[in-house]
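Step one of this worksheet: look at the structure below.
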Ligand SMILES: C[S@@+](CC[C@H](N)C(=O)[O-])C[C@H]1O[C@@H](n2cnc3c(N)ncnc32)[C@H](O)[C@@H]1O
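In our numbering, the protein residues as written are 524 to 800.
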């Protein structure tokens with residue numbers, strides 16, 4: 524795809540979805556878009572852009588394609604083991620204080636619900652604040668309804684928690700009201716919107732894979748600003764922050780970074796707290 528075609532798609536996508544492709548790695552995005560256009564059977568980029576503008580079904584396909592909603596409960600059970608045995612007990616302290624937790628790029632909510640189930644085991648009497656945000660309204664609706672989740676998406680949940688919090692449904696499971704009531708969901712674009720602050724734990728896993736380095740840098744500064752002192756950022760297994768200190772983070776365990784008490788370099792963006800998350 525040439526520059527002119529990519530620019531036309533970028534403008535159409537921004538107008539119709541408010542997703543700015545300028546924040547995504549261009550080479551990979553072009554390759555993926557070529558594949559999408561071919562699979563949808565469009566003969567030209569003009570054809571594709573017309574369909575995106577006119578046909579709600581094509582628009583929905585494009586949104587799903589851009590956002591990639593794959594997720595599951597306890598995705599990477601080793602890391603969730605560390606979360607349960609080390610990170611959360613440290614954040615909770617000896618008296619099990621109330622935590623504020625944000626699953627950023629939460630997809631259908633399995634990640635946020637996984638944290639809610641762990642906290643139920645660790646501190647059954649404490650009502651924590653857990654929010655999930657995503658750019659995709661459709662997937663958030665599924666999250667709010669508690670699924671449905673396929674058998675494969677719940678495979679890492681032990682039988683006790685499965686019985687307590689999930690109900691069998693057609694071809695899978697749905698979260699029951701007790702679990703749904705522990706998490707709230709809202710729409711937020713991590714690249715465009717401002718963040719609220721005061722979080723003890725932020726999970727942002729398997730979201731930034733297609734973002735440019737520049738977009739990732741901005742995001743890490745914003746996460747730093749949204750965490751409380753000693754708060755923790757939990758990222759995907761393949762997304763190590765090699766330059767963690769640049770943002771003011773200290774590596775705790777693989778995939779877990781703590782907001783250091785005194786940061787060496789803090790961007791002005793780090794102070795950016797806002798209204799959305
Ligand atoms: C692969 S899922 C990851 C879900 C979950 N965090 C996990 O690891 O299982 C990626 C999610 O990021 C969301 N996403 C992509 N770009 C985003 C953006 N700019 N702002 C907020 N969410 C975004 C997608 O809609 C998708 O639901």
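Glycine included, every Cβ here is placed at the ideal spot set by N, Cα and C.
Less than 6 angstroms separating the Cβ of residue 737 from some heavy atom of ligand 1? No, ligand 1 has no heavy atom inside 6 angstroms of this Cβ.
DSSP three-state label for residue 766, please. In the three-state DSSP reduction, residue 766 falls in the coil class, being neither helix nor strand.
Just curious, the alpha helix (DSSP H) that residue 553 is in, first and last residue? For residue 553, the enclosing alpha helix (DSSP H) starts and ends at 549-563.
Would you call residue 743 buried or exposed, if buried means 16 or more other Cβ atoms sit within 10 Å of its Cβ? So residue 743 ends up on the buried side.
Nearest by alpha-carbon distance to residue 691: which of 643, 614, 670, 711 is it? Closest by alpha carbon: 670.
Apply the 10 Å Cβ neighbour rule to residue 577 and answer buried if 16 or more other Cβ atoms are within range, or exposed otherwise. Flag for residue 577 reads exposed.
Nearest-angstrom Cβ-Cβ length linking residue 757 and residue 559, presumed shorter than 8 angstroms: Wrong, their Cβ atoms sit about 31 angstroms apart, outside the cutoff.
Report yes if the C-beta distance between residue 710 and residue 769 is below 7 angstroms; otherwise report no. Contact: no.
For residue 691, list the residues DSSP reports as bridge partners. 696.
Please name the residue, chosen from 645, 623, 662, that lies closest to residue 633 on a Cα-to-Cα basis. It is 662 whose Cα lies nearest to the Cα of residue 633.
Can residue 641 be considered in contact with ligand 1, in the sense that its beta carbon sits closer than 6 angstroms to one or more heavy atoms? Annotation for residue 641 indicates a beta carbon at 6 angstroms or more from all heavy atoms of ligand 1.
Span separating the alpha-carbon of residue 737 from that of residue 748: C-alpha separation (whole angstroms): 17 angstroms.
For ligand 1, any of its heavy atoms closer than 6 angstroms to the Cβ of residue 658? Because some heavy atom of ligand 1 lies under 6 angstroms away, the Cβ of residue 658 counts as near it: yes.
Between the C-alpha atoms of residue 626 and residue 603, what's the straight-line distance to the nearest angstrom? Separation of residue 626 and residue 603 (C-alpha to C-alpha, rounded to the nearest whole angstrom) is 14 angstroms.
Simplified DSSP state of residue 576, which is helix, strand or coil: Three-state DSSP puts residue 576 in a helix.
My assumption, with CB atoms under 8 angstroms, is that residue 718 sits in contact with residue 745. Please give the rounded CB distance. With 8 angstroms as the limit, residue 718 and residue 745 qualify as a contact, their Cβ atoms being about 5 angstroms apart.
Cβ of residue 600 within 6 angstroms of any heavy atom in ligand 2? As presented, the structure is devoid of ligand 2, carrying ligand 1 as its sole ligands.
Residue 592 beta carbon near ligand 1 (any heavy atom closer than 6 angstroms): Residue 592 has its Cβ nearer than 6 angstroms to a heavy atom of ligand 1.
Below 6 angstroms CB to CB, which residues in the same chain sit around residue 818 once its five sequence neighbours on both sides are set aside? The structure shown does not extend to residue 818, since the chain spans only 524 to 800, so no value can be given for it.
Grouping DSSP H, G and I as helix and E and B as strand, with all else coil, what is residue 680? In the structure shown, residue 680 sits in coil (DSSP, three-state: anything other than H, G, I, E or B).
By how many angstroms is the C-alpha of residue 612 removed from the C-alpha of residue 546? Going from the Cα of residue 546 to the Cα of residue 612 covers about 36 angstroms.
Nearest-angstrom Cα separation, counted from residue 593 out to residue 534: C-alpha of residue 534 to C-alpha of residue 593: approximately 26 angstroms in a straight line.
Using three-state DSSP, classify residue 773 as helix, strand or coil. Residue state, collapsed to three classes: strand.
Counting along the chain, where does the beta strand (DSSP E) carrying residue 656 start and finish? Annotation for residue 656: the continuous beta strand (DSSP E) segment containing it runs 652-657.
For the alpha helix (DSSP H) that residue 748 lies in, which residues bound it at each end? Per DSSP, residue 748 belongs to the alpha helix (DSSP H) from 736-749.
Do residue 575 and residue 531 have their C-beta atoms within less than 7 angstroms of each other? The answer is no: Cβ separation not under 7 angstroms.
For residue 543 and residue 564, I'd like the C-alpha separation in whole angstroms. C-alpha separation (whole angstroms): 24 angstroms.
With DSSP run on the structure shown, which of helix, strand or coil describes residue 526? In the three-state DSSP reduction, residue 526 falls in the helix class (H, G or I).
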